[in-house]
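Read the structure below first, then the notes.
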Amino acid sequence: MSLWSSLLRRRATSDAGSDAQVLAGLTETLRERDAELEHLRAELDTQAQASMVHQRELHKQLRKRAREAIDDTAEVIGGKLEDVVLQVGAARDAAVATNQRVTVTNDAANALVQRAHSADEAATALNASLRQVAGIASVISGIASQTRLLALNATIEAVRAGTAGSGFAVVADEVKGLADTTADSTEQITRTVAALEADVAQMGQTLAAIISDVGDIEDAMRQLGGIADQQHEIVGLLHRSVDATMEQIGDLSAVADRLERRRHDRLPVQGSVRLDRPGRPTVTADLIDLSSDGLGCTVPTATPLAVGDAVRAELRMNGLDGTFDARVVRRVVRDGTAELGIQFGDLSDQTRARIGSVISRIVAGL
Numbered sequence: 001m002s003l004w005s006s007l008l009r010r011r012a013t014s015d016a017g018s019d020a021q022v023l024a025g026l027t028e029t030l031r032e033r034d035a036e037l038e039h040l041r042a043e044l045d046t047q048a049q050a051s052m053v054h055q056r057e058l059h060k061q062l063r064k065r066a067r068e069a070i071d072d073t074a075e076v077i078g079g080k081l082e083d084v085v086l087q088v089g090a091a092r093d094a095a096v097a098t099n100q101r102v103t104v105t106n107d108a109a110n111a112l113v114q115r116a117h118s119a120d121e122a123a124t125a126l127n128a129s130l131r132q133v134a135g136i137a138s139v140i141s142g143i144a145s146q147t148r149l150l151a152l153n154a155t156i157e158a159v160r161a162g163t164a165g166s167g168f169a170v171v172a173d174e175v176k177g178l179a180d181t182t183a184d185s186t187e188q189i190t191r192t193v194a195a196l197e198a199d200v201a202q203m204g205q206t207l208a209a210i211i212s213d214v215g216d217i218e219d220a221m222r223q224l225g226g227i228a229d230q231q232h233e234i235v236g237l238l239h240r241s242v243d244a245t246m247e248q249i250g251d252l253s254a255v256a257d258r259l260e261r262r263r264h265d266r267l268p269v270q271g272s273v274r275l276d277r278p279g280r281p282t283v284t285a286d287l288i289d290l291s292s293d294g295l296g297c298t299v300p301t302a303t304p305l306a307v308g309d310a311v312r313a314e315l316r317m318n319g320l321d322g323t324f325d326a327r328v329v330r331r332v333v334r335d336g337t338a339e340l341g342i343q344f345g346d347l348s349d350q351t352r353a354r355i356g357s358v359i360s361r362i363v364a365g366l
């Protein structure tokens, strides 16, 4: 029932109601409404305070769980990465050893090829010498044939001469025997030279096969060396990736440390803060929370403020007016605005006490 409805009802039921009675009724109605509003405000304050306490407790639990999760994750990943680092080091050592063995094998193969070429050249020279020996043996064989023919003619002439030619016949027989021996020796030399030529030809084929095989080995060693180089490069990339991941793990631990260092809860507040930067326009941001070590605010996404920027934060709040040295430690874009985390610099004990007093009043007001 509205205030005016109550007033009209009182007027309708009063036969001779006076203005004083109407005013008294109106006053009573106002007291009732005021009591209802006071009761409602008390209930709302109680609910808000309980909600704030619950929110703070939930915030603490979330930070604790986040810290534990980060620590566990960093420990597990760090342990795995340490194993990977050891395996990467072993792979790198193996790649280096493989490359060294490839180099040694290539050097040995090159030396073997050089020796094979030298042996092939020596075999070629020996084959030429054997051909010369065969030619000389052929000449000697021809001379032996002619000598036998001359010895035969001498024997015939000695027979014709009779007794007078008996001495000459003996000489002819000796010459014929020498010619036969020479012919036999020449044939033996020819057979030996032929056998040596066959052996030299076989040795040449063997050396050619060795050179070909060594060439194949060199190709294989070059391919293996290329694989070893690629493996070494991949291991290097993997090592750098592991180093980068380890740095990220360190960053994760740093985040956990920041969570641990944040002992003071951020309380929701309303208002604005001016952020001054040397040589740049002043930015007016909307406050969203406040703590004894910093504040949170929102700015348009196009605002040129980045993590690490130094600012002068000017606050105008009830009981907390002043300018503080600070820096941007967080920037998150949400719903078309950029949410900034501002961390105060070195504050005096008096300033910290003022901030603590304001926060206490905020908590008490909830």
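Read left to right, the sequence shown gives residues 1 to 366 (UniProt numbering). Ideal Cβ positions, reconstructed from N, Cα and C, are used throughout, including at glycine.
{"Check": "Sequence-distant residues of its chain with Cβ nearer than 7 Å to Gln188 (five each side left out)", "Outcome": "none"}
{"Check": "Check whether Ala111 and Ser145 have beta carbons under 9 Å apart", "Outcome": "no"}
{"Check": "Beta strand (DSSP E) segment containing Gly294, residue limits", "Outcome": "294-300"}
{"Check": "Beta-carbon contacts of Val332 that lie in its chain and below 6 Å, excluding the five residues immediately before and after", "Outcome": "Glu339"}
{"Check": "Cutoff 8 Å; reference Leu178; Cβ partners in own chain excluding five residues on either side", "Outcome": "Thr147"}
{"Check": "Which listed residue (Ala90, Arg101, Ser291, Asp346) has its alpha carbon closest to that of Ala220", "Outcome": "Arg101"}
{"Check": "Proximity of Asp286 and Gly271 at Cβ, strictly below 9 Å", "Outcome": "yes"}
{"Check": "Extent of the continuous beta strand (DSSP E) to which Thr303 belongs", "Outcome": "That residue, Thr303, is in no beta strand (DSSP E); it is neither H nor E in DSSP."}
{"Check": "Residue nearest to Arg132 in terms of C-alpha spacing, selected from Glu174, Thr190, Thr155", "Outcome": "In the sequence under discussion, the amino acid at residue 132 is Gln, which differs from the Arg named in the question. If we check each option's Cα against that of Gln132, Thr190 comes out closest."}
{"Check": "Proximal residues to Gln343 (C-beta, below 7 Å), its chain only, five neighbours per side dropped", "Outcome": "Asp293, Gly294, Ala326, Arg327, Val329"}
{"Check": "Nearest candidate by alpha-carbon position, reference Gly341, set Thr27, Ile355, Gly279, Val311", "Outcome": "Val311"}
{"Check": "Exposed unless 16 or more other CB atoms sit within 10 angstroms - verdict on Thr27", "Outcome": "exposed"}
{"Check": "Same chain, Cβ closer than 7 Å to Thr301, five either side skipped, listed in chain order", "Outcome": "Val333, Gly336, Thr337, Ala338"}
{"Check": "Member of Asp199, Gly215, Arg352, Glu43 whose CA lies at the smallest distance from the CA of Ala108", "Outcome": "Gly215"}
{"Check": "Integer Cβ distance of Arg277 from Leu320, believed to fall under 8 Å", "Outcome": "About 22 Å; that fails the 8 Å criterion."}
{"Check": "Cross-strand partners of Val328 (DSSP beta bridge)", "Outcome": "Ile342"}
{"Check": "Terminal residues of the beta strand (DSSP E) in which Ser291 lies", "Outcome": "280-291"}
{"Check": "Val273, DSSP secondary structure in three states", "Outcome": "strand"}
{"Check": "Asp219 - DSSP class collapsed to helix/strand/coil", "Outcome": "helix"}
{"Check": "Cβ-based burial, Gly279 [other Cβ within 10 Å; buried from 16]", "Outcome": "exposed"}
{"Check": "Contact check, Cys297 vs Leu275, beta carbons under 9 Å", "Outcome": "yes"}
{"Check": "Coil, strand or helix - Asp347 by DSSP", "Outcome": "At residue 347 the sequence reads Leu, which differs from the Asp that was named. Here Leu347 sits in coil by DSSP."}
{"Check": "Limits of the beta strand (DSSP E) - the one that residue 374 falls within", "Outcome": "Residue 374 cannot be examined here, being either before or after the span of the chain that is shown, 1 to 366."}
{"Check": "C-beta contact flag for residue 374 and Asp120 at 9 Å", "Outcome": "Nothing about residue 374 can be reported from this structure: the residues present for the chain run from 1 to 366 only."}
{"Check": "Alpha-carbon spacing of Thr192 relative to Val96, whole angstroms", "Outcome": "54 Å"}
{"Check": "Expected contact under 8 Å - CB spacing of Leu347 and Phe324 to nearest Å", "Outcome": "7 Å"}
{"Check": "Straight-line gap, Thr29 to Glu36 (C-alpha atoms, nearest Å)", "Outcome": "11 Å"}
{"Check": "Backbone secondary structure at Arg334 - three-state DSSP", "Outcome": "strand"}
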